[in-house]
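Reading through the C-alpha cells given below for one structure.
There are 2 protein chains.
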Amino acid sequence: MNSKPNAIVAQSGGPTAVINSSACGVIQESLKSGKIGRVFGATNGILGVLGEDLFDISAEKPETIEALKQTPAAAIGSCRYKLKSLEESKADFERILDVFKAHNIRYFFYAGGNDSMDTADKVNKLAADMGYELVCMGIPKTVDNDLAFTDHCPGYPSVAKYVVTCAAEAGRDTEALYTTDTCTILEVMGRNAGWIAAATGLAATCPEDAPHLIYMPEAPFSFDKFVSDAKEVLKQLGRVFIVAGEGLKDKKGQYVTADAGAFAKDSFGHVQLGGVADMLKAVIEKEVGIKARFNKLGTNQRSAMHFASLTDVNEAYMCGRMAVKYAMEGENGKMVTLVREKGPEYRCTTGLAGLSDVANGEKKVPKEFINDNGNHITDAMRDYVRPLVQGEAPITIGENGLPVFMRFERKPLEKKLPEYKL
Amino acid sequence: MNSKPNAIVAQSGGPTAVINSSACGVIQESLKSGKIGRVFGATNGILGVLGEDLFDISAEKPETIEALKQTPAAAIGSCRYKLKSLEESKADFERILDVFKAHNIRYFFYAGGNDSMDTADKVNKLAADMGYELVCMGIPKTVDNDLAFTDHCPGYPSVAKYVVTCAAEAGRDTEALYTTDTCTILEVMGRNAGWIAAATGLAATCPEDAPHLIYMPEAPFSFDKFVSDAKEVLKQLGRVFIVAGEGLKDKKGQYVTADAGAFAKDSFGHVQLGGVADMLKAVIEKEVGIKARFNKLGTNQRSAMHFASLTDVNEAYMCGRMAVKYAMEGENGKMVTLVREKGPEYRCTTGLAGLSDVANGEKKVPKEFINDNGNHITDAMRDYVRPLVQGEAPITIGENGLPVFMRFERKPLEKKLPEYKL
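First to last, the protein sequences are chains A and B.
With the working numbering, the residue at position 199 of the first sequence is 199, and numbering never jumps.
For the working numbering, add 1000 to where a residue sits in the second sequence, where the first one is 1.
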C-alpha cells in the first residue's frame, strides 16, 4: 500500500481538443514528482467525486496516458454540475472532502472554466476551515477564451484554428456558387464572448476573402444594420459570407434569439442558445431577397483534433504539468495562467492567479479588437490570435484512415463510503 | 495566333474539395497534349459559356494551376443553371455552340453531376447535327456519390473522410458530457442518397463509438422507430449519437421535412432541404425527455480541404487527365468513370460511360450496405468506403497558420459576340 498522498484530476464543462493534453501533463508530472502516490480520475468531473466514482489513472498503460495528447473531448469524463455557495451546497462540499479523506487525496487538479475554479476555490476553503491538508490547483480550459488573468485559455487556439480554416474553406464554396447560393452564415460558439467569431477574421486577407462580416456578442446587434451591412457587401462582391457568434445581443444586452425549448437553460443556469444562424438566414432571405444557407459547426468545432493547434496542445500540456510543479513548490488555491512574454517573437510562459479572482472575472473581446463598424476585427485581434493557431497537432491515423483516439481501461476504485444522493 | 483548336473546362453544381484537382488534370494534360492550343475557363460553368465570360487558364502561372490541387470549391466558378431539352432550351444550346465557334473551341470538358452530363450530352448532339466538330467529355463530380456507372465519384471520398472524423470527434464530446448533453445529432448532406451518412459508420469500431444510429434516405424513416432506436441506445450507453442524412424520407417517399421558405427549390428544381437535425432534436427532447443538440456541417463538409482524402485528390486529378487522354484517343460523348479493380488491394483505374447513360442514372446506397434495422451500415459498406478515405491530401500552411489557397488572375477573353440575355 502506497502511503504517499494521492492526487485527483478532474475535467469540467464543455470539452475541448486539448483538455486531455492538460490531463496528460498533470498525470505525467504527478507520477514523476515522487511526492504523489496514485493519480485518480474522477469520472465526469465533480459528479465523480461526489459519487465516489474514481478510477486509478496511474494504473493505465503509459501509452494510453501519452495518447491523451491526441484525443479530443474529456477522456476522464466531464459534467456541468454546479455547486452553489458553501452554505447552500454544504452537503456537497462536505461529501467532496469525505471522499478525499477516504482515499487520502491531498491534491485536487481541476481543469475547467470559471464555474469550476469557483468550485475548486470553495473546496479549498472548506478544507482549510476543517483543517484537512489539501492543495487545489486550477487548469484553465474553455474554448470561449473568456477567463480573466490569462492571456488566453487552452482549447481556444484549437477552435480558433479550426473555425478560421472552416471560414476560409466555406468562403471559397460561396465564392464558387454565388450565382445561386449567394449568402452563407457560419454560426460559431461563444455565449457571452466573441473570441471564436473574432478568430475567423484572420482568414480575410483581401476583400475577396471570407468572412466579410463578423458579428460578436460584444458589439450590440441591430437587424437593420445587419441587413444594410449585407447589402453593401453584396453590392461590392455579389456574395456575402457572414460569421455569427451564437450569443449575439441587442443594445439592451438581450440575446437576439434564445432556444425556447424544454432545455433552454443548462445546469449552470446559463441560457442555451441556438438558432442564430437559422434566424439570420431567414432575415437575409426576407429582407435582401437572396438565398442564404447556414453551417453550424456545433460540438465539432471544439473537438476538431484532426486540425488542432500544436501551440495549443503544447500549452495545455504545459498548464497541466505546471499545476503540479507549482503545487510541489507550495502553491495552493491558484489557477495556472498563460503569460505572453513581451517581444517580437511569440513566447508563452505560465503564471498564477487566485482561484476566486478567476471565478469572478470574465474577459471579453476588447473594443480595440473590433472594428468601428462592429462587424469585423482589427489588426490588433489578428496579432493576438495569429501566434495561437500556429502548428498542426500530430495525430495518428489508423487503418480506417481516421485519427486514433485512446480510451481508459477505467479500473474503478473500490468505494469506501455509503452512496450519496445528489 | 495559335491555330490549334482550343479547349474549355467548366465546373458545375455544388463544389467539392477536389473538383479543382480534376480541373488541374484537364489543364495540365491539355497543355501537354500538343494538340490543344489554349485552355479557357468558363466563369461559373455553363453560365460563363452562355455569357461568353471566358478567361485564359493557359496564361495563368504554372504554380497557380498546380495549386488547384490544394484549393477547395470550384476555382473556375460553378453554377446551378439547368438547361432543358434541346427543343425547350434551343436558344441556349445554339448560343453555346456560337461561343465555341467564336473562340475555336473544339473540346468541352465538363465536371459535374448528372444534370451536367445531360447538358454536355445535348451540346454534343447539337454540334453533331450542325456538323460542328466538337468533343465533349464529362468528369464525375459529386459529394453525393450518386452517379451511376462509376464505382464512386470524386469529391465523395473527401467528404466521407471528413464527416466520419467529425462523427468520431463529436462522438467523444457527447461521451464526455453525456450527463447533461445526452444526445447529439449530426446532419450531413445527401438529398436522395445516403452515401455521406453511411460513411460515418466507419467510425463505429465498438459499441461505445459514435455514431450509434445512422439514418439514410434509402431506409424509410419512421418517427416511432427513431424514438425507440434512441431509447434502446440510451439504455445501453446513457447517451446517443445520431447521424442523419438531410434527405430522409418516410415510407411513402415523402421528405420528412422540407424547407418551406422562399427558396425551397434550387434552380434545378430540386427541393432544398434543411432542418432535419433541428427537427430530430425537437423529437428527442419531446419524446425521450433528454437534452439534444445538433451539428450541421453544411458546406464545410464539401470544402474541407484541410483533411481531404489523398486517394480522392489523386483520383480526381486522374479523371481530369484521362478525360483529355481519352479525347485525344478519339473518344467523345463519354464521362470518365472510376473502376475498382478486383483483388485484395484497392486499385482504381478509369473507364468510360455514355454521357446520356450517366445523365439518366442514379446510384443509391444498396440494401446490402444498410443493416436490417435500417439504422446503421454493414461490413460491406465499410469495405466499400475504407479504401476511399485513405491518406491525407497535402496542404501548404501559410504564415497565418491556415491552408493557402490559389485564385486565378482571370484575364478575361475579349468578347466576340453580342450580349446574350438568359
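Each residue gets a CB set at the ideal place from its N, CA and C atoms; glycine is no exception.
query                                                                                                                                                                                : result
Can you tell which of Glu368/A, Val336/A, Gly361/A has the C-alpha that lies nearest to the C-alpha of Ala353/A?                                                                     : Val336/A
Looking at Tyr317/A and Ser21/A, is the spacing between their C-beta atoms short of 8 Å?                                                                                             : yes
Below 6 Å CB to CB, which residues in the same chain sit around Val1135/B once its five sequence neighbours on both sides are set aside?                                             : Tyr1107, Ala1327, Asn1332
Can you confirm whether Asp379/A, when its beta carbon is compared against all beta carbons of chain B, has any partner nearer than 8 Å?                                             : no
Alpha carbon to alpha carbon, what distance is there between Ala1120/B and Phe1040/B?                                                                                                : 16 Å
Can you check whether the C-beta of Glu1175/B is within less than 8 Å of a C-beta belonging to chain A?                                                                              : yes
Tell me which same chain residues have a C-beta within less than 6 Å of the C-beta of Ile1027/B, skipping the five on either side of it?                                             : Val1039, Ile1057, Ile1065
With H, G and I counted as helix, E and B as strand and the rest as coil, what does DSSP make of Lys251/A?                                                                           : coil
Measuring alpha carbon to alpha carbon, tell me which of Ala1170/B, Gly1194/B, Trp1195/B, Ala1193/B ends up nearest Thr1184/B.                                                       : Ala1170/B
Going by DSSP, which residues form a beta bridge with Met1137/B?                                                                                                                     : Phe1109/B, Lys1334/B
If I measure Cβ to Cβ from Phe1307/B and keep anything under 6 Å in the same chain, skipping five residues before and after, which residues do I get?                                : Tyr1162
Does the structure place the region 1083-1095 of chain B close enough to the region 186-196 of chain A that three or more beta carbon pairs sit under 8 Å?                           : no
Express the C-alpha separation of Ser1158/B and Ile397/A in angstroms, rounding to a whole number.                                                                                   : 15 Å
Exposed or buried, what is Pro154/A when buried is set at 16 or more other beta-carbons lying within 10 Å of its beta-carbon?                                                        : buried
Tell me whether the beta-carbon of Leu1417/B lies closer than 8 Å to the beta-carbon of Ala1102/B.                                                                                   : yes
Anyone know if the C-beta pair for Gly1013/B and Thr1142/B falls short of 8 Å?                                                                                                       : yes
Please list the partners that Arg302/A has in chain B, where partner means a Cβ-to-Cβ separation under 8 Å.                                                                          : Asp1173
Can you tell me where the beta strand (DSSP E) holding Leu1186/B begins and where it ends?                                                                                           : 1183-1188
Please identify, using Cβ separations under 9 Å, the residues of the region 1282-1302 of chain B that lie next to chain A, in order along the chain.                                 : Ala1282, Glu1285, Lys1286, Gly1289, Ile1290, Lys1291, Ala1292, Arg1293, Phe1294, Asn1295, Lys1296, Leu1297, Gly1298, Thr1299, Asn1300, Gln1301, Arg1302
Contact defined as beta carbons within less than 8 Å: I believe Leu422/A pairs with Phe55/A. What is the distance between those atoms, to the nearest angstrom?                      : Incorrect: roughly 20 Å between the Cβ atoms, too far for contact.
By a C-beta neighbour count over all protein chains shown, 10 Å radius and 16 as the cutoff for buried, is Ala1262/B buried or exposed?                                              : Confidence in Ala1262/B is poor, its pLDDT being 46 and thus under 50, which makes the residue's placement unreliable; the coordinate value appears in the next sentence. That one is exposed.
With a cut-off of 8 Å, does the C-beta of Thr337/A fall near any C-beta of chain B?                                                                                                  : no
With distance defined between alpha-carbon atoms, name the residue in Gly131/A, Arg172/A, Phe241/A, Met117/A nearest to Arg80/A.                                                     : Met117/A
Do you know offhand how far Cys1166/B's Cα is from Gly1048/B's?                                                                                                                      : 36 Å
Give the interface partners of Lys161/A over in chain B, defined as CB-CB distance under 9 Å, in chain order.                                                                        : Gly1401, Leu1402
Quick check: Gly1320/B and Ile1076/B, are their CB atoms within less than 8 Å of each other?                                                                                         : no
Output yes if chain B places a C-beta closer than 8 Å to the C-beta of Arg191/A; else output no.                                                                                     : no
Distance, Cα to Cα, Phe223/A vs Lys1296/B?                                                                                                                                           : 24 Å
Suppose contacts are defined by Cβ-Cβ distances below 8 Å. Is Val1288/B in contact with Lys1231/B by that definition?                                                                : yes
Take every Cβ of the region 1238-1252 of chain B, pair it with every Cβ of the region 1274-1286 of chain B, and state whether three or more of those distances are shorter than 8 Å. : yes
Consider the Cβ of Thr1071/B: report whether some Cβ of chain A lies at a distance smaller than 8 Å.                                                                                 : yes
Under the three-state reduction of DSSP, which class applies to Thr1016/B: helix, strand or coil?                                                                                    : coil
What is the DSSP secondary structure of Ala380/A, reduced to helix, strand or coil?                                                                                                  : helix
For a cutoff of 8 Å on Cβ pairs, would you count Asn1469/B as touching chain A?                                                                                                      : Nothing can be reported for residue 1469/B, as the shown portion of chain B is limited to 1001 through 1422.
Is any beta-carbon of chain A found at less than 8 Å from that of Cys1166/B?                                                                                                         : yes
First and last residue of the alpha helix (DSSP H) that includes Tyr1420/B?                                                                                                          : Counting along the chain, Tyr1420/B falls outside any alpha helix (DSSP H), and DSSP gives it neither H nor E.
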